[in-house]
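These notes concern the structure reproduced below.
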C-alpha cells in the first residue's frame, strides 16, 4: 500500500477513535463527592458538566441544615446515608426512590433559586411510607407542608402556599393539601406529626380525622373553606 495513503488512513482512524472516546467521555461525565457531617453521609453525583457549583453547594448546605431537623421532628430512625443525583436523563423536577433523590439539571438551570426542592424531597426519605400506606395526596401534602415550615429560602423561589379558592379540595395534593394541613395544625396542634406516624406505621384510615378532631374529613374541609386563615 502507498505509505502516504497508509498514513492518511491511520490518521483518519486515529481521529475517528479520538472523537468516539471524547463523545463517550462527554456522555458519561460523572463527578462524585461524598460529604460527612452531623452523623450523616451525603453522596452527591453530578452527571451534568455544566451544573452550577453554586447551586450544588446550596443543595448540600440545605440538606445538612434541613435533614437533621426533620429527623429530630418526624423520624429518628430515618436513613443516615443519602444520595443526590443530578440526573441528565430525568425529565421531571425531582423524584425520590428509597434514599436516592434524582434532580433535573434543566430545572435548576431555569430555577436556580428553587433550593427547597431539596427540603420537599428529603422529607420523602424521612417519611419512608413504603407501599399502600395511604392516599398519595397525604404523602405529597405533608412534604409540601414541611417545605412551608422548614424551607430555607421559599421567598427566593417565590414559593408560597396558595390562598384558598372555590374549586379546591383537600385531596388535590401538594401545596393545596399543605395549606389545609397548616390550617389543621393551627386548630389541632401536633396533628401533622401524628398523621405522618400513622402513614409510616400503615395504620392510617379515614377514622383518623374524627379521632383526632371529632370531625370527619369532609366536615373539616367545610370548616376550612369558611375560614381558611392560617
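In our numbering, the protein residues as written are 1 to 230. Each residue gets a CB set at the ideal place from its N, CA and C atoms; glycine is no exception.
Which residues bound the alpha helix (DSSP H) around residue i?
i           : result
residue 144 : 136-150
residue 110 : 105-110
residue 217 : 217-226
For residue i, which of helix, strand or coil comes out of DSSP?
i           : result
residue 102 : strand
residue 129 : coil
residue 208 : helix
residue 172 : helix
residue 160 : coil
residue 119 : helix
residue 213 : helix
Rounding to the nearest angstrom, what Cα-Cα distance links residue i and residue j in this structure?
i           : j           : result
residue 188 : residue 36  : 38 angstroms
residue 24  : residue 53  : Residue confidence is low: residue 24 scores 41 on pLDDT, short of 50, so the model does not pin down where it sits. Its coordinate-derived value is still stated next. C-alpha separation (whole angstroms): 23 angstroms.
residue 31  : residue 206 : 46 angstroms
residue 204 : residue 49  : 44 angstroms
residue 115 : residue 147 : 10 angstroms
residue 82  : residue 64  : 11 angstroms
residue 217 : residue 209 : 6 angstroms
residue 60  : residue 51  : 14 angstroms
residue 55  : residue 79  : 24 angstroms
residue 222 : residue 130 : 31 angstroms
residue 178 : residue 149 : 10 angstroms
residue 181 : residue 142 : 8 angstroms
residue 234 : residue 120 : Residue 234 is absent from the structure shown; the chain starts at 1 and stops at 230.
residue 198 : residue 66  : 22 angstroms
residue 190 : residue 196 : 10 angstroms
residue 40  : residue 200 : 22 angstroms
residue 153 : residue 73  : 20 angstroms
residue 137 : residue 118 : 19 angstroms
residue 57  : residue 44  : 10 angstroms
residue 106 : residue 90  : 9 angstroms
Tell me, to the nearest whole angstrom, how far the beta carbon of residue i is from that of residue j; I am working on the premise that it is less than 8 angstroms.
i          : j           : result
residue 75 : residue 126 : 5 angstroms
Would the beta-carbon of residue i be found less than 8 angstroms away from any heavy atom of the ligand PLP?
i          : result
residue 98 : Ligands are entirely absent from the displayed structure, and the ligand PLP is therefore not among its contents.
Please specify which runs of the beta strand (DSSP E), each continuous and at least 3 residues long, are wholly inside the segment 32-98, giving them in chain order. 40-46, 81-86, 94-97
What alpha helix (DSSP H) runs, 4 residues minimum, are completely inside the segment 175-205? 191-201
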